[in-house]
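Worksheet for the structure shown next.
See below:
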């Protein structure tokens, strides 16, 4: 057993402000203080804040992101797969403050939240990851673009090394169960089959790669949205939106679930 | 300017293992090491992991949780409101490792993810919060119960102090746009009205309070699920689920969007 000594110089500015200025996980120092007996120092309360968002992003390789997303799917499903791909790589490459977030916290999003079939977990994990590294004006635009791309693109695109491409389908919906059904109908495999799980693994990889691509574009100042909303959204919303009826909200393709009724 | 000295005793077990065993935000020590010049200690890499989930929960008052959820809605919408109510209170009361998570990361869930109308943000924020403090066998059961309760209960229940109750509605769906439409139809207010926003604020408070109640029950060892799935789920899934067709998955009430077709 060896002993090591650290000297901490306490400046005239408050510890809290110093830590915030330095962009650190203040939580950390609190731990040091409480665990290792930092006599006479500030309490945990005064140093216990994560830095304000957004945090500094570092460019990620989209292919590496796709691979980690795909692998992550088989560890903790779709939502975790995308979140861990982006945030986990930033933990590895940047360290703190990303390391204060346990990426396993997003596992609940699997199968549209513990199997309920609501929002596709890959999109949910992507939303949380994007929120960490983009400002409040940007994240909505990036997530919006991701959601529109997802619903209008034949997926999955990612093919693991040494394997072959599989059947793709356009979901017309960001919802898990609708996306799964579209693929099952196109591919002829069951929703509970290993082939469908492989499809969702590749979808997770594809979304993770797309998130890296979008965030790289934001970082480079070249991000431009290229996907519009489905036609039905503007059509149906001309009555159901802010107009005459004003009785719903959303950007999902209405006709993927509801029959168009032309004002009937 | 004053000087303070900390002594760190390095045990024969690795620092990484020691920190994991003690349940600490390892990221924190890494910061201490890099910022305050911890000579001869491990690199950031070796101590940069958040403790493995679940983290220790501390009982929350459901009414206080509801109030903070309601207030949070007006700061950062529904998903943030619930997440910040639960995790923010644990940050205040427990400190690290909860303090390593910026609760603003869940703002993206508002309006069913940046206004898309998918999963109700209150449920999404709840899922993330519950995942932090319950083990992998428990979180799915708790979230499942929350989702079933949400879809079958007349909401909102929470009434801010000094105010009156408002019209309630049963959503039959965990989806934002469906939940909003049901309430607008019942209350006679528009989806973009201040009254609907007040309803979503109270809904956020109600869900936050329910999460505290469920987590308190888990902590006390008294948690028992009491809400079953909608009848249509078992009915429709007898064909569309693992049975003959095996072409979808999920636990949402099918008939809230799709017409029952009785095998047609």
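Protein chains in written order, with this note's numbering: chain A, 39 to 302; chain B, 39 to 302. Note that beta-carbon positions come from the ideal geometry of N, C-alpha and C, so glycine has one too. Quantities reported herein were computed from a predicted structural model and do not represent experimental measurements.
**Prompt:** CB of residue 122 of chain B to nearest heavy atom of the ligand GDP: below 7 Å?
**Reply:** The model on display carries no ligand, and the ligand GDP is accordingly not part of it.
**Item:** chain A residues whose Cβ lies nearer than 7 Å to that of residue 182 of chain B
**Value:** Ordered by position in chain A, the residues that pass the 7 Å Cβ test against residue 182 of chain B are 152.
**Asked** Nearest-angstrom Cα distance between residue 132 of chain A and residue 234 of chain B?
**Response** Cα to Cα, residue 132 of chain A sits roughly 42 Å from residue 234 of chain B.
**Prompt:** Hey, residue 157 of chain A and residue 212 of chain A: beta-carbon distance below 8 Å or not?
**Reply:** Annotated as proximal: residue 157 of chain A and residue 212 of chain A, with beta-carbon spacing under 8 Å.
**Item:** Inter-stretch contact at 8 Å, needing at least 3 Cβ pairs: the region 102-121 of chain A / the region 144-163 of chain A
**Value:** The region 102-121 of chain A is in contact with the region 144-163 of chain A.
**Prompt:** Do you know offhand how far residue 297 of chain B's Cα is from residue 292 of chain A's?
**Reply:** Our two residues, residue 297 of chain B and residue 292 of chain A, have alpha carbons roughly 15 Å apart in a direct line.
**Asked** Is DSSP giving residue 231 of chain A helix, strand or coil here?
**Response** It is coil, neither helix nor strand.
**Asked** When burial is assigned at 16 or more other CB atoms within 10 Å of the CB, is residue 250 of chain A buried or exposed?
**Response** Classification for residue 250 of chain A: buried.
**Asked** Listing by chain order, which chain E residues have their CB less than 7 Å from the CB of residue 157 of chain B?
**Response** Chain labels in this structure do not include chain E; the protein chains are A and B.
**Asked** Do you know offhand how far residue 113 of chain B's Cα is from residue 240 of chain B's?
**Response** The straight-line gap from Cα to Cα measures roughly 13 Å.
**Request:** Look up residue 157 of chain B in the DSSP assignment and say whether it is helix, strand or coil.
**Result:** In this structure, residue 157 of chain B counts as strand in the three-state DSSP scheme.
**Message:** So, at 6 Å on beta carbons, what are the nonlocal neighbours of residue 187 of chain B in its own chain, with the 5 sequence-adjacent residues on each side left out?
**Reply:** Around residue 187 of chain B, the same chain offers 265 as residues with beta carbons nearer than 6 Å, after the five sequence neighbours per side are excluded.
**Item:** Enclosing alpha helix (DSSP H) for residue 275 of chain B [first to last residue]
**Value:** Run containing residue 275 of chain B: 269-278, per the alpha helix (DSSP H) assignment.
**Message:** residue 105 of chain A and residue 243 of chain A - do their beta-carbons sit closer together than 8 Å?
**Reply:** Taking 8 Å as the Cβ cut-off, residue 243 of chain A and residue 105 of chain A qualify as a contacting pair.
**Request:** Under 6 Å Cβ to Cβ from residue 286 of chain A, same chain only, skipping five residues before and after it: list those, please.
**Result:** For residue 286 of chain A, where only same-chain residues beyond five positions count, the Cβ hits under 6 Å are 278.
**Item:** Sequence-distant residues of the same chain with beta carbon closer than 8 Å to residue 99 of chain B, five excluded per side
**Value:** Non-local beta-carbon contacts of residue 99 of chain B in its own chain, meaning distances under 8 Å to residues more than five positions away in sequence, involve 250 in chain order.
**Message:** Only counting the same chain, and skipping five residues up and downstream in sequence, which positions put a Cβ closer than 6 Å to that of residue 103 of chain B?
**Reply:** Same-chain partners within the cutoff: 123, 246, 247 and 250.
**Prompt:** chain A partners of residue 173 of chain B, CB-CB under 8 Å?
**Reply:** None at all; the shortest Cβ gap to chain A is about 11 Å.
**Message:** Mapping the DSSP letters down to three states, classify residue 282 of chain A as helix, strand or coil.
**Reply:** Under the three-state reduction of DSSP output, residue 282 of chain A falls in the coil class, being neither helix nor strand.
**Message:** What would DSSP say about residue 83 of chain B, mapped onto helix, strand or coil?
**Reply:** Interpretation of residue 83 of chain B is limited by its pLDDT of 37, a score under 50 that renders its predicted location unreliable; the figure taken from the coordinates is listed afterwards. The three-state secondary structure of residue 83 of chain B, taken from DSSP, is helix.
**Prompt:** Using the C-alpha atoms, what's the distance from residue 272 of chain A back to residue 295 of chain A?
**Reply:** Spanning the two alpha carbons is a distance of roughly 16 Å.
**Asked** Using the beta-carbon of each residue, which ones in chain B are nearer than 8 Å to residue 298 of chain A?
**Response** What residue 298 of chain A touches in chain B: nothing, since even the nearest Cβ is about 14 Å away.
**Prompt:** Is residue 315 of chain A close to chain B, meaning its C-beta is less than 8 Å from at least one C-beta of that chain?
**Reply:** The displayed coordinates of chain A run from 39 to 302. Any statement about residue 315 of chain A would go beyond what the structure contains.
**Request:** Check the Cβ-Cβ distances between residue 223 of chain A and every residue of chain B, and say whether any is below 8 Å.
**Result:** Yes, contact with chain B.
**Request:** Using a cut-off of 9 Å between C-beta atoms, extract the partners of residue 168 of chain A located in chain B.
**Result:** Against residue 168 of chain A, the close residues of chain B are 146, in the order they occur along the chain (beta-carbon pairs closer than 9 Å).
**Asked** What's the gap between the Cα of residue 267 of chain A and the Cα of residue 254 of chain B?
**Response** If you take the alpha carbons of residue 267 of chain A and residue 254 of chain B, they lie about 42 Å apart.
**Request:** Classify residue 318 of chain A as buried or exposed, calling it buried when 16 or more other Cβ atoms lie within 10 Å of its own Cβ.
**Result:** Given that chain A is displayed from residue 39 to residue 302, the structure contains no residue 318 of chain A and the question cannot be resolved.
**Message:** Along the chain, where does the alpha helix (DSSP H) containing residue 122 of chain B start, and where does it finish?
**Reply:** Run containing residue 122 of chain B: 100-131, per the alpha helix (DSSP H) assignment.
**Request:** Grab the span of the alpha helix (DSSP H) containing residue 182 of chain B for me, first residue to last.
**Result:** In the DSSP annotation of this structure, the continuous segment of the alpha helix (DSSP H) that includes residue 182 of chain B starts and ends at 176-190.
**Cα-Cα separation, residue 204 of chain B to residue 130 of chain A** = In this model, residue 204 of chain B and residue 130 of chain A are separated by some 49 Å (Cα to Cα).
**Prompt:** For residue 209 of chain B, which of helix, strand or coil comes out of DSSP?
**Reply:** Secondary structure at residue 209 of chain B: coil, using DSSP grouped into helix, strand and coil.
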